[in-house]
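My numbering numbers the first residue of the sequence shown as 493 and each following residue consecutively.
See structure below.
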Amino acid sequence: MANEVCTSLGLTGKDLSGKLVQIVEQHGSDVSFMAGILMWNAYKSDTAVCLLALHNSGVHYQNVTKKLGFNLKTAVENKTAVVVDPFDMYVEKSGDFSSTDFSNEHNLKRLFFDVKEALDSLPGKKCLVVDDLSDLLCLGADVTLAVTFLQYCRALQEADQGLALVVGSHYSDESKDQKLLANLVAHLADYRMTIAGLKTGFSTSVTGSVEIVDDLEDDQSVNKLFHFKLTDRQVRVFAPGTVGIRI
493 MANEVCTSLG LTGKDLSGKL VQIVEQHGSD VSFMAGILMW NAYKSDTAVC
543 LLALHNSGVH YQNVTKKLGF NLKTAVENKT AVVVDPFDMY VEKSGDFSST
593 DFSNEHNLKR LFFDVKEALD SLPGKKCLVV DDLSDLLCLG ADVTLAVTFL
643 QYCRALQEAD QGLALVVGSH YSDESKDQKL LANLVAHLAD YRMTIAGLKT
693 GFSTSVTGSV EIVDDLEDDQ SVNKLFHFKL TDRQVRVFAP GTVGIRI
């Protein structure tokens, strides 16, 4: 179950209020299952979820979270979750692609205020999931503007100390800007997980690795390494050389 995976990752029972969790996607991997696990973890701790869908759509995450026992669509209907999809909000309704040109700081500020409005509509403790920050680079923003957007989100945590922030970022070795942005987020993060494909190539039993750096406790940093196996119906997370935990 997802609870067992969260326990393995050191997240069970941890209060993420005011914390920054980073999920790094190395080229050739897919972090959406891990973002789904964090949304499930928020749901189980009575925390409302706001998803900023820049990389994968809300429909995609509906499929991901249903496998984990968290129905994102139902949560949206019950007003305990909200999906902010700029392509749906700005492009499909108006046909204006220039609204997602985030080299324009005005557009970036509008996106932030739409996220803030969505968060304000949610009750109680909240978790903002940004999937993912690196996509702002693909949509015209430079590293400085992307970091500015992250600072806007961090300011929300100062105003609401119950807000947890999950930030996805991806990079390939060919993109210096993507790597720089991921490193800047890592410097701020309280908990980091890096998802990578197998360096040795294809395996029938292992899809990739999850490297954890846990700085949630002030007095110590914990590093862990896991393997995972993705299939159409489940995810298995396990220590190298052991049998996986199915979710």
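The beta carbon of each residue, even a glycine, is placed where N, CA and C say it ideally should be.
Residue i, enclosing beta strand (DSSP E) - first and last residue
i      : result
Gly660 : 655 to 663
Glu650 : That residue, Glu650, is in no beta strand (DSSP E); its alpha helix (DSSP H) goes 635 to 651.
Leu620 : 618 to 623
Val698 : Where Val698 is concerned, there is no enclosing beta strand (DSSP E), given that its DSSP letter is neither H nor E.
Leu717 : 714 to 722
Arg728 : 727 to 730
Own chain partners of residue i with C-beta closer than 7 angstroms, once the 5 adjacent residues on each side are dropped
i      : result
Val556 : Ser524, Phe525, Gly528
Ser591 : Tyr582, Val583, Asn599
Asp690 : According to the sequence shown, residue 690 is Leu rather than Asp. Counting only Cβ-Cβ distances below 7 angstroms, and skipping sequence neighbours, we find Val698, Gly700.
Val568 : Val574, Val575
Lys643 : Checking the displayed sequence, the identity of residue 643 turns out to be Gln instead of Lys. Contacts found: none.
Close-in-space but distant-in-sequence residues of the same chain around residue i (CB under 8 angstroms, 5 per side omitted)
i      : result
Leu628 : Leu546, Phe594, Leu600, Leu637, Ala638, Phe641
Asp652 : Leu611, Lys618
Ser470 : Outside the displayed span of the chain (493 to 739) sits residue 470, for which this structure offers no information.
Gln670 : Ser626, Leu629, Ser661, His662, Tyr663, Ser664
Contact belief for residue i with residue j at Cβ below 8 angstroms, rounded distance in angstroms
i      : j      : result
Gln518 : Tyr663 : 7 angstroms
Val705 : His719 : Not confirmed; about 17 angstroms, so no contact.
Leu655 : Ser549 : The pair is not a contact, with the Cβ atoms about 23 angstroms apart (cut-off 8 angstroms).
Val635 : Leu672 : 6 angstroms
Thr686 : Val516 : 4 angstroms
Ala681 : Leu512 : 5 angstroms
Asp623 : Leu543 : 7 angstroms
Of the listed residues the options, nearest to residue i (C-alpha basis)
i      : options                        : result
Val658 : Arg684, Thr692, Asp707, Ala633 : Arg684
Gly733 : Gly700, Lys506, Asp624, Asp711 : Gly700
Phe605 : Asp623, Val576, Gly632         : Val576
Val541 : Asp507, Pro615, Lys721, Arg725 : Pro615
Glu709 : Glu496, Lys506, Ser500         : Lys506
Thr696 : Glu703, Lys721, Ala674, Gln712 : Lys721
Gln649 : His679, Val607, Ser667         : Val607
Residues near residue i in its chain [Cβ-Cβ closer than 6 angstroms; skip 5 each side]
i      : result
Asp665 : none
Val677 : Gln514, Val659, Ser661
Trp532 : Ala494, Leu560, Phe562
Lys565 : Gln554
Ser537 : none
Ala688 : Gln518, Ser521, Gly700, Ser701
Thr723 : none
Span of the alpha helix (DSSP H), counted from its first residue to its last, around residue i
i      : result
Lys668 : 668 to 680
Phe690 : Note that residue 690 corresponds to Leu in the displayed sequence, not to Phe. Per DSSP, Leu690 belongs to no alpha helix (DSSP H) and is neither H nor E.
Asp627 : 627 to 630
Any alpha helix (DSSP H) of 4 or more consecutive residues that is wholly inside the segment 553 to 605: Fully enclosed alpha helix (DSSP H) runs of 4 or longer: 564 to 569.
In the segment 498 to 547, which residue ranges form an unbroken alpha helix (DSSP H) of at least 4 residues, counting only runs that do not cross its ends? With a minimum length of 4 residues, the continuous alpha helix (DSSP H) runs that stay inside the segment 498 to 547 are 524 to 536.
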